Every structure is written in C-alpha cells, then in structure tokens.
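Enquirer:
Residue numbers (the working numbering), protein chains in the order written: chain C, 1273 to 1437; chain Y, 393 to 503.
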C-alpha cells in the first residue's frame, strides 16, 4: 500500500499533497474532486504541523488505498493524543463582526470527505478519511461511533465537470 | 501564488491573485495586501479568476483583510471565483460575509 513518511513541518506540505493528489488521479477521480481531497488533506496536515508536536519535532505518515471506487487515506502521527473530529464546528452563519476562524479547517475536512474516522493505536493518532468519486458531504457521517446529522448545503457548482476514465 | 496590482478604476484598486492560497502562501497574501492598505488603498477589488485553490488558511487571511478594511471604512470585493474556490466560500459561509461579484467589470459597475 502506498505510503509517504515525512517530518511534520510546513515545508513538506506540497510534497505530501502531491502524493495524495497523484493517487487520486490514478484512481480516476475528477479534477474538481481531487482538489477537494487535497483540501481535506491540507487541513489535516496543517493541524498536525501546528499542534501535534508542541515540544519537539515529529513525523507524519499518510497511507493511500483505492478500493471499490473510493479513496481511503490514513494520516498518522505520534504527537499529542488528539481527535481532530472533536473540534466543534464554527458558526458558518455568523456575520463578519462575530465570525471567528477557529474550527474552520476541521469543518472543511468533514465537508470534503465522505467518511471520517479517528482511532488511537498505541502512541499513534490515526485519522482515516474516505472519499467517494462524488462528494456526499457530512450528511450521515459517523464520527467515533456517533451518528451526526449535519445540515449540508447543496453546492451544484463544479459538479458538471466530470472526467471519466 | 502570484499577486499583482492590475489597475485602478474609480478609486478602486484592482488586484489579481493567481495560483493557490494555502497554508504556505496565505500569509504572503495578507502581507502584500496590508502593504497596499497601509499606503491608503482601502477600496479593493480582488480578481480571483486565476486562483485555483483555497484552504482555511486563505479564508483566514481574507477575513483578516476584510476586518482590517472595515475598521478603516474601506471594503473588499472578490471577483470571478472559480468552481472549487467558490464552493469553499459557500460551504464555509464566507460568501455571505465577503462581497462577491461575477467579474471585475460587474464589481466596477456596482460602485
């Protein structure tokens, strides 16, 4: 199974994203969906870069697998025990004065992926993200055993650019 | 990511951003716009026609700039958002707090 291993630092972001994008393309995902996958990956990785290793350097790894038309990514780090999916969603209806930026990255991870699962294995945080060829969004997504119905805004833009094969 | 001033129209300062606005490049966007703002350019039109990707880091920088301008009685309008970028704006609720136009021409007409 393809895997990439890297120090958890921002200067490696591009290379890590390219790894993910390359596999998504090989698996036949359309450009628009690949960008959504890149976005989810970036948000996960930047969270690890910023928060996983407050006192020392650390690493991150990503495994990538295509199965039944889905792309399955697993992000792993040995940093501070942390379930990114526990971060509360931002208020996306707040006006500009009240709008805060906290939680936006995690929100986008949930919106862009079709399933998100967190587990802890020994000293590792492992986040599994599953992507279908077309984004189904956060509706009906299960997080650590809890089923949550999150209101999903239907966005039709961009769905017409489908590349087959 | 590239950022450049592409013109001026009716006291609006027009900026074009191309490439990707992500955790690596977003701070550069903020720095460059603040330079212009601090030189008195507080009425901005930002053409995103060549921006192919934006992450939460980019949204954060845009929000910082928008709040900065609002405090100075200025404003920012974003134009020509492309598919994924537009989607991210809508999903995150940013399309309701930052003015968005279909094109630079449309933004200028609305002045």
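For each residue, glycine too, the CB sits at the ideal point set by N, CA and C.
All values reported here derive from a predicted model rather than from experimental measurement.
(1) Would you mind telling me which residues of chain C sit closer than 8 angstroms to residue 476 (chain Y), beta carbon to beta carbon, in chain order?
(2) Let's see if you can read the secondary structure: which residues bound the alpha helix (DSSP H) around residue 1372 (chain C)?
(3) When Cβ atoms are compared, which residues of the segment 1363-1374 of chain C fall closer than 7 angstroms to chain Y?
(4) In chain Y, which residues lie less than 9 angstroms from residue 1332 (chain C) when you measure between Cβ atoms?
(5) Quick one: which residues of the segment 1277-1295 of chain C get their C-beta closer than 9 angstroms to a C-beta of chain Y? List them in chain order.
(6) Assess, as a yes-or-no matter, whether the segment 1381-1388 of chain C is touched by the segment 1309-1322 of chain C under the definition of 3 or more beta carbon pairs within less than 8 angstroms.
(7) Under 7 angstroms Cβ to Cβ from residue 1395 (chain C), same chain only, skipping five residues before and after it: list those, please.
(8) Going along chain Y, which residues have a C-beta under 9 angstroms from residue 1394 (chain C)?
(9) Residues of chain Y with a CB under 8 angstroms from the CB of residue 1383 (chain C): which are they?
(10) How would you label residue 1307 (chain C), buried or exposed, when you count the other beta carbons within 10 angstroms and need 16 or more for buried?
(11) Return the chain-ordered list of same chain residues with a C-beta closer than 6 angstroms to the C-beta of residue 442 (chain Y), the five sequence neighbours on each side being excluded.
(12) Please list the partners that residue 1399 (chain C) has in chain Y, where partner means a Cβ-to-Cβ separation under 7 angstroms.
(13) Starting from residue 1345 (chain C), find everything on chain Y with Cβ-Cβ shorter than 8 angstroms and list it in chain order.
(14) Any beta carbon of chain Y sitting closer than 9 angstroms to that of residue 1377 (chain C)?
(15) Decide if residue 501 (chain Y) is buried, meaning its Cβ has at least 16 other Cβ atoms within 10 Å, or exposed.
(16) Please report how far the alpha carbon of residue 404 (chain Y) lies from the alpha carbon of residue 1347 (chain C), in whole angstroms.
(17) Mind pulling the chain Y residues with CB within less than 9 angstroms of residue 1359 (chain C)?
(18) Kindly list the residues whose CB is nearer than 7 angstroms to the CB of residue 1276 (chain C), restricted to its own chain and excluding five residues on each side of it in sequence; keep chain order.
(19) Give me the DSSP bridge partner(s) of residue 1335 (chain C).
(20) To which residues does DSSP link residue 445 (chain Y) through a beta bridge?
(21) Where residue 1368 (chain C) and residue 1390 (chain C) are concerned, what is the direct C-alpha to C-alpha distance, given to the nearest angstrom?
(22) Ignoring anything shorter than 4 residues, give me the alpha helix (DSSP H) runs that lie fully in the segment 420-503 of chain Y, in order along the chain.
(23) Just to confirm before moving on: does the CB-CB distance between residue 1330 (chain C) and residue 1405 (chain C) stay below 9 angstroms?
(24) Note down, in chain order, every chain Y residue with its Cβ under 7 angstroms from the Cβ of residue 1314 (chain C).
(25) Quick check on DSSP: helix, strand or coil for residue 1394 (chain C)?
(26) I'd like the list of long-range same chain contacts for residue 453 (chain Y), defined as Cβ closer than 6 angstroms, with 5 residues on each side in sequence excluded.
Expert: This is what the structure holds:
(1) Taking the first residue of the second chain as 1, we reach residue 476 (chain Y) at position 84. Near residue 476 (chain Y) (Cβ distances below 8 angstroms), the residues of chain C are 1304, 1307, 1308, 1311 and 1430.
(2) In the first chain, the residue the question calls residue 1372 (chain C) occupies position 100. That residue, residue 1372 (chain C), is in no alpha helix (DSSP H); it is neither H nor E in DSSP.
(3) 1364, 1365, 1367, 1368, 1371 and 1373
(4) Mapped onto the first chain, residue 1332 (chain C) falls at position 60. Going along chain Y, no residue has its Cβ under 9 angstroms from residue 1332 (chain C), so there is no contact; the nearest lies around 14 angstroms.
(5) 1282, 1283, 1285, 1286 and 1289
(6) yes
(7) For the purposes of this step, residue 1395 (chain C) is taken as residue 123 along the first chain, with counting starting at 1. Excluding residues within five positions, the ones whose Cβ falls inside 7 angstroms are 1350.
(8) The residue labelled residue 1394 (chain C) in the question sits at position 122 within the first chain. The premise fails here: residue 1394 (chain C) is roughly 28 angstroms from chain Y at the closest Cβ pair, so nothing lies under 9 angstroms.
(9) Against the first chain, residue 1383 (chain C) aligns to sequence position 111. Those are 483, listed as they occur along chain Y.
(10) For the purposes of this step, residue 1307 (chain C) is taken as residue 35 along the first chain, with counting starting at 1. With 16 or more Cβ atoms within 10 Å of its Cβ, residue 1307 (chain C) is classed as buried.
(11) As a position in the second chain, residue 442 (chain Y) is number 50, starting the count at 1. Cβ within range, chain order: 410.
(12) Locating residue 1399 (chain C) in the first chain gives position 127, counting from the first residue. Within 7 angstroms Cβ-Cβ: nothing; residue 1399 (chain C) doesn't reach chain Y, min ~16 angstroms.
(13) By one-based count along the first chain, residue 1345 (chain C) stands at place 73. Within chain Y, no residue has its CB atom less than 8 angstroms from the CB of residue 1345 (chain C), the nearest being about 16 angstroms off.
(14) Against the first chain, residue 1377 (chain C) aligns to sequence position 105. Cβ-Cβ to chain Y under 9 angstroms: yes for residue 1377 (chain C).
(15) Along the second chain, one-based indexing puts residue 501 (chain Y) at 109. The residue in question, residue 501 (chain Y), is exposed, as its Cβ has fewer than 16 Cβ neighbours within 10 Å.
(16) On the second chain, position 12 is the one that residue 404 (chain Y) refers to. On the first chain, position 75 is the one that residue 1347 (chain C) refers to. Residue 404 (chain Y) and residue 1347 (chain C): Cα-Cα distance of roughly 44 angstroms.
(17) Start at 1 with the first residue of the first chain, and residue 1359 (chain C) comes out as number 87. The contacting residues do not exist; residue 1359 (chain C) stays about 12 angstroms from chain Y at best.
(18) On the first chain, position 4 is the one that residue 1276 (chain C) refers to. So the list reads 1288, 1291, 1333 and 1334, once near-sequence residues are dropped.
(19) By one-based count along the first chain, residue 1335 (chain C) stands at place 63. Bridge partners of residue 1335 (chain C): C:1275 and C:1346.
(20) Residue 445 (chain Y) sits at position 53 when you count from the first residue of the second chain. DSSP lists Y:412 as partners of residue 445 (chain Y).
(21) Residue numbering aside, residue 1368 (chain C) sits at position 96 when the first chain is read from its first letter. Residue numbering aside, residue 1390 (chain C) sits at position 118 when the first chain is read from its first letter. Their Cα atoms are separated by approximately 32 angstroms.
(22) 448-463, 475-483 and 496-501
(23) The residue you call residue 1330 (chain C) lines up with position 58 of the first chain. The residue you call residue 1405 (chain C) lines up with position 133 of the first chain. Not a contact, by the Cβ cut-off of 9 angstroms.
(24) As a working mapping, residue 1314 (chain C) is identified with position 42 in the first chain. For residue 1314 (chain C), the neighbours in chain Y by C-beta distance under 7 angstroms run, in chain order, 414, 415 and 447.
(25) Residue 1394 (chain C) sits at position 122 when you count from the first residue of the first chain. Coil.
(26) In the second chain, counting from the first residue as 1, residue 453 (chain Y) sits at position 61. The residues are 418, 421 and 422.
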